[in-house]
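Each remark here refers to the structure printed beneath this line.
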Amino acid sequence: MAQWYLFLPQVRLGVDELTLRACTAEASGFDGVALLDHLRTPMAPASPVWEAMTLATWIAAKTQRLQIGHLVLCDAFRHSSVLAKQAVTLAEVSGGRFDLGLGSGSMPDELADFGFGTATGRERVAALQRTLEDLSRYWADQVPAPREPIPLLLGGRGPRMLELVRRHADWWNLPATHLDDLPRLMPQIGDARASVQQMVGFIGAGADAEAVIGKSRRRYAQLGSGLICARADELIDHFGRLGSQGVQRFYVWFSDPSPETIAEFAETVIARS
1 MAQWYLFLPQ
11 VRLGVDELTL
21 RACTAEASGF
31 DGVALLDHLR
41 TPMAPASPVW
51 EAMTLATWIA
61 AKTQRLQIGH
71 LVLCDAFRHS
81 SVLAKQAVTL
91 AEVSGGRFDL
101 GLGSGSMPDE
111 LADFGFGTAT
121 GRERVAALQR
131 TLEDLSRYWA
141 DQVPAPREPI
151 PLLLGGRGPR
161 MLELVRRHAD
171 WWNLPATHLD
181 DLPRLMPQIG
191 DARASVQQMV
201 GFIGAGADAE
211 AVIGKSRRRY
221 AQLGSGLICA
231 RADELIDHFG
241 RLGSQGVQRF
251 YVWFSDPSPE
261 TIAEFAETVI
271 ARS
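In the UniProt record's numbering, the protein residues as written are 1 to 273.
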């Protein structure tokens with residue numbers, strides 16, 4: 001059975017509003033929630049963004065069942081020894097509900113502007129490899145150690161990232177902008193399980209389809225095929241096709257992440273899939 005996560009970028013909304021959406025997802029039947037990790041909002045630098053690990057801890061305290069993670073934590077933002085300690089602590093306080101999602105950093109300008117250097121993509125992947133190797137060592141040396149293994153998620157499509165997925169990851173994530181690559185990449189991820197991050201313009205019961213589609217495309221046109229605007233039955237078919245290709249987890253990113261949208265999607269798509 002597929003796992004359903006709400007992708008909840010912590011931008012533009014207040015902490016209380018984000019918490020409400022996470023709690024709505026839990027009450028409605030989602031399995032988890034995932035945040036992003038940036039020091040300024042991508043493509044909207046004037047919009048506020050909350051720190052990723054702090055907010056994840058807050059949401060863990062406000063929920064009981066949801067798995068909590070990130071798509072994805074930026075490797076450069078935290079020394080691996082500190083990240084190891086943070087991950088163990090968040091796993092402990094959440095009762096084992098923390099997934100560690102890691103990436104090499106997708107916005108070089110952000111890294112440079114905030115003092116994290118000007119490493120090339122190849123250099124950032126090499127640094128991520130060192131972090132992954134260090135985490136196992138720190139978890140063995142630090143006290144306390146994790147009570148249970150902390151699930152590790154990695155993204156990326158390049159050969160070096162896929163090698164890290166095969167060697168280290170429990171989960172591999174593919175953004176829906178690259179769904180055409182799924183059949184080619186699935187055989188390259190080893191024992192990792194596959195997830196997909198999908199932007200959804202959800203056309204709920206009684207909604208004006210043209211209005212939903214128009215608003216979604218105006219806000220997220222840059223995602224191209226990574227945005228699907230559809231009603232519940234069409235979405236059931238869409239996610240079902242991905243499931244038949246081996247995808248075991250869906251990170252649903254709503255163009256309108258209202259509590260009402262989250263609850264109706266869970267009732268009409270998740271419950272019937």
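Positions of the beta carbon are idealized from the N, C-alpha and C atoms, including for glycine.
Short Cβ contact (8 Å threshold) for residue 274 with A34: Because the chain is modelled from 1 through 273, residue 274 falls outside the range shown and cannot be assessed.
With 8 Å set as the bound, which would you pick, yes or no: does the beta-carbon of T177 sit closer than that to a beta-carbon of chain B?
Although the question refers to chain B, the structure presented lacks it and comprises just one protein chain.
Cα separation between D141 and K85? 11 Å
Any idea if F202 is buried or exposed, counting beta-carbon neighbours within 10 angstroms, 16 or more meaning buried? buried
Closest Cα partner of M199 within the set G224, P187, A209, G190: G224
Report task. Have a look at R40, L6, V49, T41 and flag the residue whose alpha-carbon is nearest the alpha-carbon of D31. Result -> L6
Check whether E148 and G96 have beta carbons under 8 Å apart: yes
Given a cut-off of 8 Å, decide if V49 and T41 are closer than it, judged by their beta-carbon atoms.
yes
- Excluding the five sequence neighbours on either side, which residues of its own chain have a C-beta within less than 8 Å of the C-beta of V93, listed in chain order? T57, A60, A61
What is the DSSP secondary structure of P175, counted as helix, strand or coil?
strand
By DSSP, does Q198 sit in helix, in strand, or in coil? strand
Going by DSSP in three states, A140 sits in which element: helix, strand or coil?
helix
With three or more C-beta pairs closer than 8 Å as the rule, is the region 170-190 touching the region 106-126? no
Please report the Cβ distance between L55 and L102, rounded to the nearest whole angstrom; I am assuming they are in contact, meaning their Cβ atoms lie under 8 Å.
-> The Cβ separation is near 17 Å, so there is no contact.
- Query: Straight-line CA distance for S47 to D113?
  - Reply: 17 Å
My guess is that V165 and G204 are in contact by the Cβ rule of under 8 Å, so how many angstroms apart are they, rounded? Their Cβ separation, rounded to whole angstroms, is 35 Å, which puts V165 and G204 out of contact at 8 Å.
Original post:
Where DSSP assigns a beta bridge to Q188, which residues make up the other side?
Top reply: Answer by DSSP bridge pairing: none, since Q188 is not bridged.
Exercise. Would you kindly check if the distance between the Cβ of S106 and the Cβ of A263 is under 8 Å?
Key: no
For I213 and F254, I'd like the C-alpha separation in whole angstroms.
12 Å
Report task. Since I believe P187 is in contact with R21 (beta carbons under 8 Å), could you give me their beta-carbon distance rounded to a whole number of angstroms? Result -> With a Cβ gap of about 36 Å, R21 and P187 do not count as contacting.
Quiz item: Apart from the five residues on each side of it in sequence, which residues of its chain come closer than 7 Å, Cβ to Cβ, to E110?
Solution: H38, L39, R40
Ends of the alpha helix (DSSP H) at H238? 232-244
Only counting the same chain, and skipping five residues up and downstream in sequence, which positions put a Cβ closer than 6 Å to that of R12? S47
Exposure label - R272; buried when at least 16 CB within 10 Å
exposed
What does a CB cutoff of less than 6 Å around T131 pick up in its chain, not counting 5 residues either side in sequence?
D75, S80
_R167 versus E210: straight-line alpha-carbon distance, rounded_ = 45 Å
Can you name, in chain order, every residue of its own chain whose Cβ lies under 8 Å from the Cβ of R157, other than the five neighbours on each side?
L174, H178, D181, L185
Opening and closing residue of the beta strand (DSSP E) in which A211 lies = Looking at the DSSP string, A211 is not in any beta strand (DSSP E); the run it does join, the alpha helix (DSSP H), is 209-220.
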